[in-house]
Amino acid sequence: MTTNADITIFNKRYVREERTEKFVATQIRGVSFYSRKGTSSGNQDRNVKDTYTIRVPDTADTSGKAYAEQMKYSGMDDETFPGYWTIQRGDIIIRGLCDCETATETELKQNYPDVITVDNFSDNRSRCSECMRHWRIGGE
Numbered sequence: 502m503t504t505n506a507d508i509t510i511f512n513k514r515y516v517r518e519e520r521t522e523k524f525v526a527t528q529i530r531g532v533s534f535y536s537r538k539g540t541s542s543g544n545q546d547r548n549v550k551d552t553y554t555i556r557v558p559d560t561a562d563t564s565g566k567a568y569a570e571q572m573k574y575s576g577m578d579d580e581t582f583p584g585y586w587t588i589q590r591g592d593i594i595i596r597g598l599c600d601c602e603t604a605t606e607t608e609l610k611q612n613y614p615d616v617i618t619v620d621n622f623s624d625n626r627s628r629c630s631e632c633m634r635h636w637r638i639g640g641e
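Using the working numbering, the first residue of the sequence shown is number 502, and each one after it goes up by one.
Laid out in structure tokens, this is it:
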């Protein structure tokens, strides 16, 4: 798989000690990143809708974190989850590497121009040859 970008994925997580939801960052190096800029118009309105497709190879550098299914990830305690990352609807992706460990949705949208919200994903690690195993993420 041809890779052309690095991303930071922010997994939504309830932080018990702070009693708030935050997004926890994982830097991922070596992904396939595709964006499509689109517009539609009707009844005097013009809508801009950008869509993104990101493929994360099974062999990508995930900063030493292991992948966990979203149900397993959400059930992890505060001491365990820092060693894992996941993909779930509502996660936020930034193109490039972000140095922060946690952030709120508002902070991310204020500090980064293109914030991608995950709206679909699939685990394609068992459906293809070894060199093509990946997670496919779609977002807007």
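A virtual CB, placed ideally from N, CA and C, is assigned to each residue, including glycine. Fair warning: this is a prediction, and the values are worked out from it, not measured in the lab.
Beta strand (DSSP E) segment containing residue i, residue limits
i, result
"Thr527", "Thr521 to Arg537"
"Tyr613", "Segment: none, Tyr613 is in no beta strand (DSSP E) and carries neither H nor E."
"Asn548", "Asp546 to Val549"
"Thr552", "Thr552 to Pro558"
Buried versus exposed call for residue i [16 or more other C-beta atoms within 10 Å across all chains shown]
i, result
"Thr527", "buried"
"Cys599", "buried"
"Tyr553", "buried"
"Asn621", "exposed"
"Asp596", "The amino acid occupying residue 596 in the given sequence is Arg; Asp does not appear at that position. By the neighbour-count rule (16 or more Cβ atoms within 10 Å), Arg596 is buried."
"Gly539", "exposed"
"Thr514", "Checking the sequence shown, residue 514 turns out to be Arg, not Thr. Buried is the call here."
"Ser509", "Looking at the sequence provided, one finds Thr at residue 509 rather than Ser. Buried."
"Val525", "buried"
Residue i - containing alpha helix (DSSP H), residue span
i, result
"Lys513", "Taken as a continuous stretch (DSSP letters only), Lys513 belongs to no alpha helix (DSSP H), being part of the beta strand (DSSP E) at Ala506 to Val516."
"Ser575", "Gln571 to Ser575"
DSSP three-state assignment for residue i, whether helix, strand or coil
i, result
"Thr605", "coil"
"Gly597", "coil"
"Gly565", "coil"
Bridge partner(s) assigned by DSSP for residue i
i, result
"Arg637", "Arg556 and Ser623"
"Thr587", "None; Thr587 has no bridge partner."
Practice item. Would you be able to state if there are at least three C-beta pairs under 8 Å between the segment 510-524 and the segment 563-582? Key: yes
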